[in-house]
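Using the working numbering, the first residue of the sequence shown is number 729, and each one after it goes up by one. Built from N, CA and C at the ideal position, the CB exists for glycine as well. Notes follow once the structure below has been shown.
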Amino acid sequence: MASDGRPQIIVAEDAEALAGIAAERLLARVTPVTERAAVCLTGGSSPEGLYQRLAREPYRSKLPWGRVHWFMGDDRFVPGDHTHSNMGMARRLFLDRVSVPAGNIHPIPTDADSPHVAARHYEAELKRFYGRDRFDPAHPLFDLVLMGLASDGHTASLFPDSPALDEAERWVVGIERAGLAPFVPRVTLTFPALASTREMLFLVTGGDKHDILMRVRSGEDLPATRARAQGDLVWLVDRATGLEDTDAARHATG
Ligand code: 6PG
């Protein structure tokens, strides 16, 4: 967190550089963890470069694969091998290409009877992994949570005007209607669960994200604006988004 309490903003030169910075941050988060590290992944196109990079050197050799557990912040309620599956994408781009113990991959069970049943199962799995029923601020569930930002301001599958935005008890909920394509039901972690992390890292690329990023920056009540982290909250964007990094903004305003 920046010293003034606001999120830190890091501007990468381009999407390629952004993937490199994200990979280094991920490595830095999981390497010091001596027991089990937990990373919560995200869907969308913004993390693709990062995922591809993790399957290549130096990360292929450097990441302590045996002790990192991979979760998903939200998924589309489709079979795991469907092209719209977020965990399917993560598997294709890196998890299937490196040596990860099968038990370290924690997909949202989209073969359940409904998104609500899947949400209950995944919440139980998160609680088992965490070993507690309530979040302890001294012991975040995740070491790193990745997030994206969509053109309507949604993040994970927390869409504008959804009651899920105000969910304070449940860790995972089913979403019947997506606010944006693909229009399939979703299962998503809630803000309290996503906040239980040492670092939350938003990945945002491309000029088409400029307007929505500015709206989030201005504090407008959008889902992504509500995201909080117990640890560091970092927005990693590329130059094409037109956002200035926190330090540059501070210098500009004196
Ligand atoms: C999903 C995502 C979603 C995504 C944003 C941004 O399953 O749809 O998890 O929240 O992160 O839509 O997506 P892009 O990176 O493709 O813009």
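* **Residue span of the beta strand (DSSP E) that contains Glu904, given as start and end** => Position 176 of the sequence shown, counted from the start, is the residue given in the question as residue 904. Annotation: Glu904 is outside any beta strand (DSSP E) and is labelled neither H nor E by DSSP.
* For Arg848, write down the residues that DSSP places opposite it in a beta bridge. => By 1-based counting over the sequence shown, the position of residue 848 is 120. Answer is none; Arg848 lacks a bridge partner.
* **Neighbourhood of Ser885 by C-beta, 6 Å cutoff - its chain only, sequence neighbours within 5 removed** => For the purposes of this step, residue 885 is identified with residue 157 of the sequence shown, where counting begins at 1. Taken in chain order, the residues that qualify are Asp802, Ile903, Arg914 and Thr916.
* **Residue closest to Asp839, alpha-carbon to alpha-carbon, out of His867, Leu823, Pro807 and Glu851** => Translated into the one-based positions of the sequence shown, residue 839 becomes position 111. For Asp839, the nearest C-alpha among the options comes from Pro807.
* the stretch 779-786 contacting the stretch 851-862, beta-carbon criterion three pairs below 8 Å -> no
* If you check the beta carbons only, do Trp899 and Leu854 fall under 8 Å apart? -> Position 171 of the sequence shown, counted from the first residue, corresponds to residue 899. Position 126 of the sequence shown, counted from the first residue, corresponds to residue 854. Yes; because the gap between Cβ atoms is below 8 Å, this pair is in contact.
* Could you tell me if Val739 is buried or exposed, where buried requires 16 or more neighbouring beta carbons within 10 angstroms of its beta carbon? => Here the question's residue 739 lines up with position 11 in the sequence shown. Buried is the call here.
* Pro865 burial status per 10 Å Cβ neighbour count (16 or more: buried) -> Mapped onto the sequence shown, residue 865 falls at position 137. Result: exposed.
* Asked: Which residues share a DSSP beta bridge with Gln736?
  -> Along the sequence shown, read from residue 1 onward, the residue named residue 736 stands at position 8. Paired residues: Val962.
* Runs of alpha helix (DSSP H) wholly within the stretch 909-938 (minimum 4 residues, chain order) -> 919-923
* Asked: When the Cα atoms are used, what is the spatial distance from Asp894 to Ile940?
  -> By 1-based counting over the sequence shown, the position of residue 894 is 166. By 1-based counting over the sequence shown, the position of residue 940 is 212. The straight-line gap from Cα to Cα measures roughly 21 Å.
* Just the C-alpha distance for Met815 and Met875, rounded to the nearest angstrom, thanks. => To locate residue 815, count along the sequence shown from 1; it is residue 87. To locate residue 875, count along the sequence shown from 1; it is residue 147. If you take the alpha carbons of Met815 and Met875, they lie about 14 Å apart.
* Pairwise C-alpha distance: Ala846 and Leu821 -> Indexing the sequence shown from 1 puts residue 821 at position 93. Indexing the sequence shown from 1 puts residue 846 at position 118. Distance between the alpha carbons of Leu821 and Ala846 is about 24 Å.
* Asked: Roughly how many angstroms lie between the CA atoms of His849 and His810, to the nearest whole one?
  -> As a position in the sequence shown, residue 849 is number 121, starting the count at 1. As a position in the sequence shown, residue 810 is number 82, starting the count at 1. Their backbone Cα atoms lie some 20 Å apart in a straight line.
* Asked: Is any heavy atom in ligand 1 found nearer than 7 Å to the beta carbon of Leu877?
  -> Along the sequence shown, one-based indexing puts residue 877 at 149. In this structure, the C-beta of Leu877 approaches ligand 1 to less than 7 Å from one of its heavy atoms.
* Closer than 7 Å by C-beta to Arg954: which residues in its own chain qualify, once you throw out the five before and the five after it? Chain order, please. => Taking the sequence shown and counting its residues from 1, one reaches residue 954 at position 226. Leu893 and Phe919, listed in sequence order.
* So, is Phe911 buried or exposed, given that buried needs 16 or more other C-beta atoms within 10 angstroms? -> Counted from its first residue, the sequence shown places residue 911 at position 183. Exposed, since its Cβ has fewer than 16 Cβ neighbours within 10 Å.
* Inter-residue Cα distance where the pair is Gln780 and Asp936 -> Here residue 780 is taken as the residue at index 52 of the sequence shown, counted from 1. Here residue 936 is taken as the residue at index 208 of the sequence shown, counted from 1. Cα to Cα, the separation comes out at about 23 Å.
* Kindly indicate which three-state DSSP category Leu874 falls into: helix, strand or coil? => What you label residue 874 is simply residue 146 of the sequence shown in a count that begins at 1. Assignment of Leu874 by DSSP, reduced to helix, strand and coil, places it in the strand class.
* Helix, strand or coil for Ala783 per DSSP? -> Position 55 of the sequence shown, counting from 1, holds the residue named residue 783. Ala783: coil per DSSP, three-state reduction.
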